[in-house]
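Residue numbering for the sequence shown is -22 to -1, 1 to 189, as defined by mature numbering (1 follows the signal peptide of the UniProt record, and there is no 0).
All residues carry an ideal CB built from backbone N, CA and C; glycine is no exception.
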Amino acid sequence: MRLTTLFATLFAAFFTTLPALAQTQTALVAGGCFWCVESDFRRVDGVTDVRVGFAGGSKANPEYKEVASGRTDHLEVTQITFDTGQISYRQVLDLFLRSIDPFDAGGQFCDRGMQYSTAIFATPDQQPIAQAAIAAAEAELGKSIVTPVRDMATFYPAEEFHQNYANSDERTLTRFGWIARKDAYKNYRDACGRDAQVRRIWGSDAPFVGG
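Quick look at the structure:
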């Protein structure tokens, strides 16, 4: 009897000292150029994976050129997977909203067209959290924002060429010359004015300015 009690005590003590198993959740957001959103969130503690792609349109498995043409109704989106023990869905959205121009309904920064507009795609459980995040952002800024909360949509990954573009050493031909993708990304981001506009809107609350 004593041996049984001892084993039970040791068993309970062992499992109470184990760290909680990591649980992951996914956020799906549209913030204009998906290279930029991906690059920003790869630097966030608790984010375990980031993928870029398309969502919101009717065509299955669209290609980048089709979406960029504006004919598919898809938006450029970023799928962010995160450890809920380190960062919450609300915190992910707070960071996201402070990395975009939430007043621009016609695109983002130098990228114009519906395919570059902003949105939060949310499950039924996520939608109240997303609405609360938007309400808090509106209260901070003192005006209404146009970023909608939309029903969760199918995520279609973009071509591998676009994944982790901001960190790629592969060379590509751009208007800046035959250079590494990571250098092309930096030149694009600087030229597009993303950081400057985000800084004007959010000031010191902009978490990724300079990314």
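Is the Cβ-Cβ distance between residue i and residue j less than 8 Å?
| i | j | result |
| --- | --- | --- |
| L53 | A111 | no |
| A33 | F133 | yes |
| T56 | V124 | no |
| V15 | S77 | yes |
| A136 | D147 | no |
| G10 | Q86 | yes |
| L75 | V22 | no |
| D61 | F186 | no |
| C88 | G171 | yes |
Which residues in the same chain have their Cβ closer than 6 Å to the Cβ of residue i, if we skip the five residues on either side of it in sequence?
| i | result |
| --- | --- |
| T59 | T2, T4, T26 and D27 |
| P80 | I123 and T125 |
| H140 | V30 |
| T152 | A162 |
| A184 | R76, V176 and R177 |
| L(-20) | Confidence at L(-20) is low in this model, with a pLDDT of 46, below 50, so its placement is unreliable and the value that follows should be read with caution. The answer is none, since no qualifying residue turns up. |
| A46 | none |
In three-state terms, what does DSSP make of residue i?
| i | result |
| --- | --- |
| Q1 | coil |
| G181 | helix |
| V22 | coil |
| V15 | helix |
Keeping to the same chain, check which residues put their C-beta closer than 8 Å to that of residue i; ignore five residues upstream and five downstream.
| i | result |
| --- | --- |
| A174 | none |
| T50 | F32, G35, S36, K37, P40, E44 and Q93 |
| A131 | L6, A33, G34 and F99 |
| R68 | I107, A110 and A111 |
| E118 | D183 |
Counting only the same chain and skipping the five closest in sequence on each side, list residues whose C-beta sits under 7 Å from that of residue i.
| i | result |
| --- | --- |
| E116 | S122 and I123 |
| A108 | L71, I98, A100 and V127 |
| R20 | V28 |
| N145 | K160 |
| W156 | R149 |
| Y143 | W13, R159 and Y163 |
| G91 | G48 and G85 |
Examine the ligand ADP and report whether any of its heavy atoms sits within less than 7 Å of the Cβ of residue i.
| i | result |
| --- | --- |
| A136 | You won't find the ligand ADP in this model; it holds no ligand whatsoever. |
Counting contacts by CB-CB distance shorter than 8 Å, is residue i in contact with chain B?
| i | result |
| --- | --- |
| A184 | The structure shown has no chain B; it contains just one protein chain. |
Could you name each continuous alpha helix (DSSP H) segment of 4 residues or more that falls completely within the stretch 152 to 176, going from the start of the chain to the end? Listed in chain order, the alpha helix (DSSP H) elements of length 4 or more contained wholly in the stretch 152 to 176 are 159 to 170.
Sequence ranges, beta strand (DSSP E) only - wholly within the stretch 85 to 160, length at least 3: Within the stretch 85 to 160, the beta strand (DSSP E) runs of at least 3 residues that lie entirely inside it are, in chain order, 96 to 100, 127 to 129, 149 to 152 and 155 to 158.
Would you check if there are 3 or more beta carbon pairs closer than 8 Å linking the stretch 150 to 164 to the stretch 86 to 104? Inter-segment contact for the stretch 150 to 164 and the stretch 86 to 104 is absent: fewer than three beta-carbon pairs are separated by less than 8 Å.
Just list the alpha helix (DSSP H) runs in the stretch 32 to 72, keeping only unbroken ones of 4 residues or longer that don't cross its boundaries, in chain order. Runs of the alpha helix (DSSP H) inside the stretch 32 to 72: 42 to 46.
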